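Asks: In this note's numbering, the protein residues as written are 488 to 821. Quick reminder that beta carbons are idealized off the backbone N, C-alpha and C, glycines included. Owing to the predicted nature of the structure, the values given are computational and were not obtained by experimental measurement.
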Amino acid sequence: MSLRATCVSTCLKSASLLLLAIVTAGGVRAQPAGYPAKPVRIILDAAPGGAIDTNLRIIAEGLSKTWGQQVVIDNRPGAGGAISATAAAEAPPDGYTLYAPALSVFLTIPGKAPNLPLKLPRDFTAIGITAVQPMTIGINPKLGINSLPELIAQAKEKPGSISFAVTGVGRLTHLTGELLQIRAGIKLQMVPYTGGSAQSLADVTAGRVALLIEGYSGLAGAYQSGRLKALAVASEKRLPHLPDLPTVAETLPGFISMGWQCVVAQVGTPDAIVRKISDDLRAVLTNPEIKDKLAARGAYAHPTTADGAQAFVRSQQELWQPALERVALQFKKK
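Right, dumping it as structure tokens:
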């Protein structure tokens, strides 16, 4: 081989090794080696057994299989989201403690909680949206009310005679009930609960409270057994697996109320870890088995990028702001 050929060959080999080193280094940044090397905890501001808890556990199971590490749900309900938010904020920003905030900490009644609403990316780093779930309106079947128009008519005839359970003041179940009263021009009697839907469901099925507003998954068993009657669902269109259930919008045009779940990490969590979790979460949410499990419970997978999750939360805050301000005004008058 000539001297020139030898030099060219040596240069090409050097260039190849340099390129390989650059690509490898970039790959390590994009996909952090060894993560996760131990169980991952997701702090959830919801009691066990409700719709939010049930849906997140399905997703956590998918992540556990993907990572080969257990994903543990740590339920921390109460204090309007302050308990879970504090626990999440105090955890180290290493990707091993994630946070699934209550929707209410993003949609807060003005003046009700001075440290809320949470803002992204100021307070936490967005990872993704897991699923959206339209609210359903369920009633004790013994009351003999078989449709939303019948409910509205009776509520107008006897203002305040129909009670509705609220699983947390300021949460979406509460806001949906308040918005229903505003849009329908009726007066309902609110009965607040501090835990999940289990206690409120027990009181509604026992006849102590008339009405319950909650995502379908938390009430599916009661609906299917006949202990609770579904009057309407607050989705844009009828749900594919519940085609006979009318939407609230069929009675009150434009009425939509969707629960959603956001997963975030502490500010300062390495970008490479955030990207990996976000990518893996999207993969789980596009898994047909996971999608079917969620859909069977009235929740619909909503995979997003981290940036998409941040934009989604911001759009929801803007959407609900007028209703939040109206509810706040009502509280001031009481």
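Buried or exposed: which applies to residue 768, given that a residue is buried once 16 or more other Cβ atoms fall within 10 Å of its Cβ?
Replies: The residue in question, residue 768, is buried, as its Cβ has 16 or more Cβ neighbours within 10 Å.
Asks: Could you give the DSSP three-state label for residue 561: helix, strand or coil?
Replies: strand
Asks: Drop a sphere of 10 angstroms on the beta-carbon of residue 675, count the other beta-carbons inside from all chains shown, and report buried for 16 or more, exposed for fewer.
Replies: buried
Asks: If you drop the 5 nearest sequence neighbours on each side, which residues of the same chain put their C-beta closer than 8 Å to that of residue 726?
Replies: 621, 703, 720, 732, 785
Asks: What span of residues does the alpha helix (DSSP H) with residue 761 cover, start to end?
Replies: In the DSSP assignment, residue 761 falls within the unbroken alpha helix (DSSP H) covering 758 to 772.
Asks: State the start and end residues of the unbroken beta strand (DSSP E) segment that holds residue 625.
Replies: 611 to 626
Asks: To which residues of the same chain is residue 778 closer than 6 Å at the C-beta, ignoring the five residues directly before and after it?
Replies: 788
Asks: What are the boundary residues of the beta strand (DSSP E) that includes residue 716?
Replies: 716 to 720
Asks: In the DSSP assignment, find the unbroken beta strand (DSSP E) run with residue 725 in it and report its ends.
Replies: Taken as a continuous stretch (DSSP letters only), residue 725 belongs to no beta strand (DSSP E), as it is neither H nor E.
Asks: Could you tell me the boundaries of the beta strand (DSSP E) in which residue 586 lies?
Replies: 584 to 587
Asks: In whole angstroms, what separates the C-alpha of residue 765 from that of residue 672?
Replies: 43 Å
Asks: What does residue 650 pair with, by DSSP beta-bridge criteria?
Replies: 676
Asks: Would residue 560 pass as a contact of residue 543 if the rule is Cβ separation under 8 Å?
Replies: yes
Asks: Determine the extent of the alpha helix (DSSP H) in which residue 667 is found, giving its start and end residues.
Replies: 659 to 671
Asks: How about residue 744 and residue 697: are their beta carbons less than 8 Å apart?
Replies: no
Asks: What does the Cβ neighbour count give for residue 802, buried or exposed, with the cut at 16 atoms within 10 Å?
Replies: exposed
Asks: From residue 590 to residue 533, what does the alpha carbon distance come to, in whole angstroms?
Replies: 10 Å
Asks: In this structure, does DSSP put residue 695 in helix, strand or coil?
Replies: coil
Asks: In three-state terms, what does DSSP make of residue 529?
Replies: Note: residue 529 maps to strand in three-state DSSP.
Asks: Have a look at 647, 758, 546, 583 and flag the residue whose alpha-carbon is nearest the alpha-carbon of residue 526.
Replies: For the residues 647, 758, 546, 583, the minimum Cα distance to residue 526 belongs to 583.
Asks: So the alpha helix (DSSP H) residue 711 belongs to, where does it begin and stop?
Replies: 703 to 712
Asks: If the criterion is Cβ atoms closer than 8 Å, does the pair residue 625 and residue 706 meet it?
Replies: yes
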